[in-house]
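A.B. asks: I'd like to ask some things about the structure below.
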Amino acid sequence: MSSSTPARTLAHPAISARLLWVALAVVAALSLLTYLVAFDQGAVSQSGMYLHELMHDGRHLLGVPCH
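Following our numbering, the numbering of the sequence shown begins with 472 at its first residue and continues without gaps.
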C-alpha cells in the first residue's frame with residue numbers, strides 16, 4: 472500500500488521582486504552616503520570645499536574620528 476501525497480502548488484513569495492529591488496536600492500544609497508560621510512575625506516566627492524566641510528561636520532556629529 473502506498474499513499475500518494477497531493478501535488479503541491481508553488482506559493483507566491485512573501486516579498487515581491489519589486490519590493491526587493493527597492494530595498495536593495497535603499498541599502499545601496501545608504502551605503503554610499505555612509506561612505507561619503509565617514510570615509511571619503513574628499514577622494515570621491517571632489518566638488519569643492521563646501522561639500523567637504525559639510526561631510527566633515529557630519530563626521531563630528533556622528534562621532535566618526537576624522538583627525
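Cβ atoms here follow ideal geometry from the backbone N, Cα and C, with glycine treated the same way.
Which whole-angstrom value describes the C-beta separation of Val508 and Met520, a residue pair presumed to lie in contact below a C-beta threshold of 8 Å?
C.D. replies: Not confirmed; about 16 Å, so no contact.
A.B. asks: Could you tell me the distance, in whole angstroms, from the CA atom of Arg530 to the CA atom of His483?
C.D. replies: The straight-line gap from Cα to Cα measures roughly 43 Å.
A.B. asks: Which residue marks the beginning of the alpha helix (DSSP H) containing Ser502, and which one marks its end?
C.D. replies: Unbroken alpha helix (DSSP H) run through Ser502: 488-509.
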